[in-house]
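Beneath this line is the structure, given in structure tokens, with notes to follow.
Residue numbers (the numbering used here): 2 to 499.
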């Protein structure tokens, strides 16, 4: 049993390594492109794309939700399973594109009558079909815990998207640069995944197979739909009530916060779900694995989020000057919300790995109900501004969502601990030391931020001190999790040298 656990530990570590490499390289490329585009394009340009993204995001449910989770959760999917899911998703993607193509003329009525949204959305929606073509290829790699080629595909796709987007932005194409950037990214990623894979769909399609996947996939799809609906309600209300410029500020804050939060969340989810699925029939092993995953997630995610919050102002000033200053507070609030999202997703993972799809849907309904209450309370303030602060009302609106996310996290903590054969107190003690330490590091970095120095110098200073203090205290207190992470990194470096 000990040898089996060590083997699983190495598989998870290897998967996490490539997931983290993928996210890091992706975010570096994404950041470089984003900085250039943010300096060249206007707030209204980003607001236009933010409006289109509201509709585009729903199609991504069939890429990262639904059957992709079911394929990974199933212990031994067959070629008939993969082929049936592939053809089903391609059909759904094509149907969605045709539907939204026909409905595109209705979009401007919701966003200040901006007629350019019609042709832009019709081109952007092509990514629905392109992305759906990569679903099974991605799921196969996740199932095998082999994420190396996914990292390569994402990096090449972002390089291609950067070339297209930056070239078009510099030559005066405005928001169209962001549209064709998205198409380029989707096309190259899908092409690389297909070229590098030995799997091809057969002409097999079985409704009975699709029906069997609805037990997990249907539940996850319903959960993802509800989650996406409420995430995009924010953009819809902001664009509809506060205008495209305000939506542009929110879009930038949301994009840059997600670069960190979603990368961390998806890396942990994709790394842990296959391993948890292997333990679904062993309560003792499952509870032990969940506890370790709680501690690792807290050790990695909490200081990451806190340090980003403390460094928000120098990050924006170093990258953009003062152009996007009204988005800084939104960025910080979205990071706080993002921390709760990371752990809510982690706990949700425990439920998914046990095949409790119906429970997943009901938990999403509870979380969304909490979010609705927060929206109703804070919505009247969304258009408020003060002299020099056009996002004052948006900040109030997001504070409501932070509180709602905290309540949803508490609910999921209790539920997930119980279905994982554990208890809420154990989940809390798993993460508490890293939360308290990270908040202490954040206080130190906040004090440093009071110095009036060059933003680039501030970034280096805060980053170096934050990392040194956090890792130093973890070492002094004998953190087992840090020891395991450092040992794994050393073993990987030693393997490369040999």
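The C-beta atom is built at its ideal place from N, Cα and C for all residues, glycine as well.
Remember, it's a predicted structure, so these values are computed and weren't measured experimentally.
Subject >> 6 angstroms Cβ shell around residue 487 - same chain, five flanking residues per side excluded >> reply: For the purposes of this step, residue 487 is identified with residue 486 of the chain shown, where counting begins at 1. Excluding positions up to five away in sequence, the list is empty.
Original post:
Per DSSP, what kind of secondary structure is residue 390 in: helix, strand or coil?
Top reply: By one-based count along the chain shown, residue 390 stands at place 389. Three-state result, residue 390: strand.
Original post:
Do we get a CB-CB distance below 8 angstroms when we pair residue 282 with the residues of chain B?
Top reply: Given the protein chain composition of this structure (a single chain), no chain B is represented.
Original post:
Which class does residue 487 belong to by DSSP, given the choice of helix, strand or coil?
Top reply: Within the chain shown, numbered from 1, the residue matching residue 487 stands at position 486. Residue state, collapsed to three classes: helix.
**OP:** Might you give, ordered along the chain, the residues of its own chain that have their beta carbon closer than 6 angstroms to the beta carbon of residue 64, omitting 5 neighbours on each side?
**Re:** For the purposes of this step, residue 64 is taken as residue 63 along the chain shown, with counting starting at 1. Its pLDDT being 48, under 50, residue 64 is placed unreliably in this model, and the value from its coordinates should be taken loosely. Same-chain partners within the cutoff: 132, 136.
Subject >> Nearest candidate by alpha-carbon position, reference residue 346, set 364, 323, 184 >> reply: Position 345 of the chain shown holds residue 346. For residue 346, the closest of 364, 323, 184 by C-alpha to C-alpha distance is 364.
Subject >> residue 290 versus residue 357: straight-line alpha-carbon distance, rounded >> reply: As a working note, residue 290 is residue 289 in the chain shown. As a working note, residue 357 is residue 356 in the chain shown. Rounded to the nearest whole angstrom, the C-alpha separation of residue 290 and residue 357 is 18 angstroms.
Original post:
Just the Cα atoms here: how many angstroms apart are residue 367 and residue 101?
Top reply: Numbered from its first residue, the chain shown carries residue 367 at position 366. Numbered from its first residue, the chain shown carries residue 101 at position 100. Near 29 angstroms, if we compare the C-alpha coordinates of residue 101 and residue 367.
Original post:
Do you know offhand how far residue 114's Cα is from residue 106's?
Top reply: Within the chain shown, residue 114 is the residue found at index 113, counting from 1. Within the chain shown, residue 106 is the residue found at index 105, counting from 1. A straight line joining the alpha-carbon of residue 114 with that of residue 106 spans about 10 angstroms.
**OP:** With distances taken Cα to Cα, identify the nearest neighbour of residue 311 among 299, 330, 301, 483.
**Re:** Residue numbering aside, residue 311 sits at position 310 when the chain shown is read from its first letter. Comparing alpha-carbon positions, the option among 299, 330, 301, 483 lying closest to residue 311 turns out to be 330.
Original post:
Between which two residues does the alpha helix (DSSP H) harbouring residue 89 extend?
Top reply: Within the chain shown, residue 89 is the residue found at index 88, counting from 1. According to the DSSP assignment, residue 89 belongs to the alpha helix (DSSP H) that extends over 80-104.
Original post:
Going straight from the alpha carbon of residue 317 to that of residue 308, what length do you get?
Top reply: Residue numbering aside, residue 317 sits at position 316 when the chain shown is read from its first letter. Residue numbering aside, residue 308 sits at position 307 when the chain shown is read from its first letter. Taking the CA atoms as reference points, residue 317 sits about 14 angstroms from residue 308.
Original post:
What is the DSSP secondary structure of residue 355, counted as helix, strand or coil?
Top reply: Sequence index remark: in the chain shown, residue 355 carries index 354 (1-based). In the three-state reduction of the DSSP assignment, residue 355 falls in the coil class.
Original post:
Quick one: Cα of residue 430 to Cα of residue 292, how far?
Top reply: As a first step, residue 430 is located in the chain shown; it is residue number 429 there, counting from the start. As a first step, residue 292 is located in the chain shown; it is residue number 291 there, counting from the start. In a straight line, the C-alpha of residue 430 is about 10 angstroms away from that of residue 292.
Original post:
Ends of the alpha helix (DSSP H) at residue 454?
Top reply: In the chain shown, counting from the first residue as 1, residue 454 sits at position 453. For residue 454, no alpha helix (DSSP H) run applies, since DSSP gives it neither H nor E.
**OP:** Return the chain-ordered list of same chain residues with a C-beta closer than 6 angstroms to the C-beta of residue 94, the five sequence neighbours on each side being excluded.
**Re:** Start at 1 with the first residue of the chain shown, and residue 94 comes out as number 93. Around residue 94: 129, 130, 133.
Original post:
Are there 16 or more other CB atoms within 10 angstroms of the CB of residue 138, so buried, or fewer, so exposed?
Top reply: The count along the chain shown starts at 1 and reaches residue 138 at position 137. Result: buried.
Original post:
What's the C-alpha gap between residue 66 and residue 116?
Top reply: The residue labelled residue 66 in the question sits at position 65 within the chain shown. The residue labelled residue 116 in the question sits at position 115 within the chain shown. Low confidence applies to residue 66: its pLDDT is 48, below 50, so where it sits in the model is not reliable, and the reading given next is rough at best. Each residue's alpha carbon lies about 32 angstroms from the other.
Original post:
Measuring CB to CB, does residue 245 end up less than 8 angstroms from residue 38?
Top reply: Position 244 of the chain shown, counted from the start, is the residue given in the question as residue 245. Position 37 of the chain shown, counted from the start, is the residue given in the question as residue 38. With respect to the 8 angstroms criterion, residue 245 and residue 38 are not classified as neighbours on the basis of their beta carbons.
**OP:** Enumerate in chain order the residues of its own chain whose CB-to-CB distance from residue 514 is below 6 angstroms, with the five nearest sequence positions on each side excluded.
**Re:** Nothing can be reported for residue 514: it is not among the residues displayed for the chain, which extend from 2 to 499.
Original post:
Just how far apart, CA to CA, sit residue 186 and residue 32?
Top reply: Within the chain shown, the letter at position 185 stands for residue 186. Within the chain shown, the letter at position 31 stands for residue 32. Those two C-alpha atoms are separated by around 14 angstroms.
Subject >> Environment of residue 1 [buried if 16+ CB atoms lie within 10 Å] >> reply: Residue 1 is absent from the structure shown; the chain starts at 2 and stops at 499.
Original post:
If we count the other Cβ atoms within 10 Å of its Cβ and call it buried at 16 or more, is residue 503 buried or exposed?
Top reply: As shown, the chain starts at 2 and ends at 499. That puts residue 503 outside it, with no answer to give.
Original post:
For residue 308, does the three-state DSSP call read helix, strand or coil?
Top reply: Within the chain shown, residue 308 is the residue found at index 307, counting from 1. Residue state, collapsed to three classes: helix.
Original post:
Apart from the five residues just before and just after residue 91, which ones in its own chain have a Cβ nearer than 6 angstroms to its Cβ?
Top reply: If you number the chain shown from 1, residue 91 lands on position 90. Answer for residue 91: 133, listed in chain order.
Subject >> Residue range of the alpha helix (DSSP H) that includes residue 125 >> reply: Sequence index remark: in the chain shown, residue 125 carries index 124 (1-based). Where residue 125 is concerned, the enclosing alpha helix (DSSP H) stretches over 118-125.
Original post:
What separation, rounded to the nearest whole angstrom, lies between the Cα atoms of residue 401 and residue 172?
Top reply: Here the question's residue 401 lines up with position 400 in the chain shown. Here the question's residue 172 lines up with position 171 in the chain shown. When the Cα atoms are used, residue 401 and residue 172 turn out to be separated by approximately 41 angstroms.
Original post:
Between which two residues does the alpha helix (DSSP H) carrying residue 190 extend?
Top reply: The residue given as residue 190 occupies position 189 in the chain shown. Run containing residue 190: 177-196, per the alpha helix (DSSP H) assignment.
**OP:** For residue 320, collect the residues of the same chain with a Cβ closer than 6 angstroms to its Cβ; drop the 5 residues on either side in sequence, then sort them by chain order.
**Re:** As a working note, residue 320 is residue 319 in the chain shown. Non-local beta-carbon contacts of residue 320 in its own chain, meaning distances under 6 angstroms to residues more than five positions away in sequence, involve 36 in chain order.
Original post:
Which term fits residue 183, buried or exposed, when burial requires 16 or more other beta carbons within 10 angstroms of its beta carbon?
Top reply: For this step, residue 183 is matched to residue 182 along the chain shown. Buried is the call here.
Original post:
Going by the CB atoms, is the gap between residue 475 and residue 463 shorter than 8 angstroms?
Top reply: Residue numbering aside, residue 463 sits at position 462 when the chain shown is read from its first letter. Residue numbering aside, residue 475 sits at position 474 when the chain shown is read from its first letter. No, the pair does not count as a contact, with Cβ atoms beyond the cut-off.
Original post:
Just the Cα atoms here: how many angstroms apart are residue 455 and residue 260?
Top reply: Your numbering for residue 455 matches position 454 in the chain shown. Your numbering for residue 260 matches position 259 in the chain shown. Straight-line measurement puts the Cα of residue 260 at about 24 angstroms from the Cα of residue 455.
Original post:
What is the DSSP secondary structure of residue 322, counted as helix, strand or coil?
Top reply: To locate residue 322, count along the chain shown from 1; it is residue 321. Collapsing the DSSP output to three states places residue 322 in coil.
Original post:
Taking three-plus beta-carbon pairs below 8 angstroms as touching, is the stretch 373-386 in contact with the stretch 331-344?
Top reply: Contact fails: fewer than three Cβ-Cβ distances are below 8 angstroms.
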